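Trainee:
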Amino acid sequence: MKRTIIALLILMAVFILNNYQANASTIVRSGKIISINEQQIIDGDFYTLGNSVILSGKVTGDFLSLAGNVTI
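Residue numbering for the sequence shown follows numbering that gives the first Met the number 0, starting at 0 and increasing by one per position.
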């Protein structure tokens, strides 16, 4: 429980600080399993919070994941 709260606070801080960039697109996803397939392109920053993250596609900006299992 403590870990989840700390992770949420970190993710919120990153999201708030990132909003100061003028032309950046930011995508935030949370859930048990988060998957981006090979054909998907995230144009901008991509932040995730979940149990498992599978990233097969392309992210043009920053990628930050708070998860137990991350596969790139």
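We put the beta carbon where it would ideally sit given N, CA and C, even for glycine. Note that the structure is predicted; figures quoted are calculated from it, not measured.
So, residue 13 versus residue 46, is the Cβ gap smaller than 8 Å?
Mentor: Yes, the pair counts as a contact, with Cβ atoms nearer than the cut-off.
Trainee: With a CB to CB cut of under 8 Å and the five nearest residues on each side skipped, what residues in its chain are close to residue 66?
Mentor: Closer than 8 Å at the Cβ level, and outside the excluded window around residue 66, lie 33, 47, 48, 49, 50, 51, 52.
Trainee: Determine which residues share a DSSP beta bridge with residue 49 and list them.
Mentor: 30, 66, per the DSSP bridge assignment.
Trainee: Using 8 Å for Cβ pairs, my map puts residue 56 next to residue 35. What's the rounded Cβ distance?
Mentor: Contact holds; Cβ gap of about 4 Å.
Trainee: Do we get a CB-CB distance below 8 Å when we pair residue 50 with the residues of chain C?
Mentor: Among the protein chains of the structure shown there is no chain C, as only one such chain exists.
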